Ligand SMILES: Cc1cc2nc3c(=O)[nH]c(=O)nc-3n(C[C@H](O)[C@H](O)[C@H](O)COP(=O)(O)OP(=O)(O)OC[C@H]3O[C@@H](n4cnc5c(N)ncnc54)[C@H](O)[C@@H]3O)c2cc1C
């Protein structure tokens, strides 16, 4: 494969080894794991062993000493694994839950949580969303009250990826009664803390193999050593994390669309109707042409914001555009793929049925399409 910046030859080599690992060790099991609504915990340790959970982290923490582009390759390739749920569970660990520990954690916190997360020995989750506050992050109500050297946490979270079986939860709390973005902090809650309960495993349209949890905190006593970053400065952490989360979602959308497209093109050349391959009908040919164009546009937009992000430039508008466009395009491409597969497209046996259900999360999770448009609008001075 020829490397197109920001990807280098070395990134493309990683792509090849990831692709063959995924084809060998994940894809064949994906249908069973989706049906079981869980993938084995051992997949975390296996991927940790192979170094895939710490591509962008320094070697001193067990990482591979790579960069964000290595992680971009990882995210694109994981989207080809045949299960949005597996990609989401592993992706939550790599792209949203461990980065704040690396970026804002003390040395002691990194040794305690980041090192085992990179090894895949501890599962991590990022817990921000609450039943009453999703898009409106500043509206969270979970409260952490100081009591000596501890915080006493009350509240709850919902829709948390890895939420049922995680060991560590990077959790957004309010630490003052002030409204708006003030008084937000992050505490790392650990499974087993008295008063911390997983109250539900949520049933979903897609991402079946990932556990999406509902959490309740009732007088959970959290030592002050578990404060991540500065007290009352949690909004910076959220903002820092959102950019990479959104680029990751755009990358996953591109990888997923590409895989769906390849399968659909193959199908269109195989399936016969009225004495010819269905791909030779102009209507189907045009659908495939439009799908390929959307994927290319999404890939270019995503690569552009990746280039801006890795060179430290302000990419708020571009990241929001890439997330908005690529995640919506993934739904449209999967929908057309189902159409091209006809009745087979509606059957569980064919990947495109799952691809459509899985893709639908894109315009909702990690900042909705409407919120992306709000951000873009503000960047345009509106
Ligand atoms: C499968 C899954 C996994 C998830 N994983 C995690 C996770 O690991 N951690 C985590 O913290 N969260 C997670 N989430 C939560 C996700 O990020 C939120 O669902 C998302 O941010 C939307 O919030 P909400 O569901 O409260 O919707 P709401 O904010 O209630 O929005 C409802 C509708 O109103 C629209 N809307 C809201 N505000 C505006 C506005 N200002 N202008 C225009 N329209 C607006 C929205 O776009 C949407 O269409 C997950 C969600 C799902 C479904």
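In the numbering used here, the protein residues as written are 6 to 387. Glycine is no exception: its CB is placed at the ideal position from the N, C-alpha and C atoms. Nothing here was measured: the structure is a model prediction, and the numbers come from that model.
query: Beta-carbon contacts of residue 71 that lie in its chain and below 6 Å, excluding the five residues immediately before and after; result: 60, 61
query: Cβ neighbours of residue 82 in the same chain (closer than 8 Å, five flanking residues each side left out); result: 20, 23, 24, 27, 260
query: Extent of the continuous beta strand (DSSP E) to which residue 190 belongs; result: 189-195
query: Uninterrupted alpha helix (DSSP H) stretches inside the stretch 25-109 (no shorter than 4 residues); result: 35-41, 47-54, 73-83, 89-96, 103-109
query: The stretch 201-214 / the stretch 351-366 touching (three or more Cβ pairs under 8 Å); result: yes
query: Test item: CB-CB of residue 66 and residue 249 under 9 Å; result: no
query: Residue 356, enclosing alpha helix (DSSP H) - first and last residue; result: 356-364
query: Sequence-distant residues of its chain with Cβ nearer than 7 Å to residue 4 (five each side left out); result: With the chain covering 6 to 387 only, the question about residue 4 has no answer from this structure.
query: Option in 106, 89, 122 with minimal Cα separation from residue 47; result: 122
query: Chain-order list of residues whose beta-carbon lies under 6 Å from that of residue 240 (same chain, five-residue window excluded); result: 186, 189
query: Any non-hydrogen atom of ligand 1 within 8 Å of residue 167 CB; result: yes
query: Per-residue DSSP class, three states only, for residue 281; result: strand
query: Spatial neighbours of residue 126 in its chain, beta-carbon cut-off 6 Å, leaving aside the 5 residues before and after; result: none
query: Neighbourhood of residue 312 by C-beta distance below 6 Å, restricted to the same chain and skipping five residues each side; result: 11
query: Every unbroken beta strand (DSSP E) inside the stretch 161-186 [3 residues or more]; result: 173-179
query: beta-carbon residue 375 near ligand 1 non-hydrogen atom, thresh 8 Å; result: yes
query: Any non-hydrogen atom of ligand 1 within 8 Å of residue 141 CB; result: yes
query: Limits of the beta strand (DSSP E) - the one that residue 224 falls within; result: 217-228
query: Burial state of residue 295, where buried means 16 or more other Cβ atoms lie within 10 Å; result: exposed
query: Status (buried if at least 16 other CB within 10 Å, exposed otherwise) for residue 351; result: exposed
query: Same chain, Cβ closer than 7 Å to residue 169, five either side skipped, listed in chain order; result: 203, 206, 216, 218
query: Candidates 44, 86, 324, 197, of which the one nearest residue 379 by Cα; result: 324
query: Residue of 134, 33, 236 minimising C-alpha distance to residue 142; result: 134
query: Cα-Cα separation, residue 273 to residue 84; result: 22 Å
query: Alpha helix (DSSP H) segment containing residue 203, residue limits; result: Segment 201-206 is the beta strand (DSSP E) holding residue 203; no alpha helix (DSSP H) there.
query: Beta-carbon contacts of residue 151 that lie in its chain and below 7 Å, excluding the five residues immediately before and after; result: none
query: Sequence-distant residues of its chain with Cβ nearer than 8 Å to residue 321 (five each side left out); result: 248, 380, 384
query: For residue 129: DSSP bridge partner residues; result: 173
query: Distance, residue 270 Cα to residue 284 Cα; result: 8 Å
query: Span of the beta strand (DSSP E), counted from its first residue to its last, around residue 138; result: Neither: residue 138 is in no beta strand (DSSP E) and is coded neither H nor E.
query: Any non-hydrogen atom of ligand 1 within 8 Å of residue 203 CB; result: no
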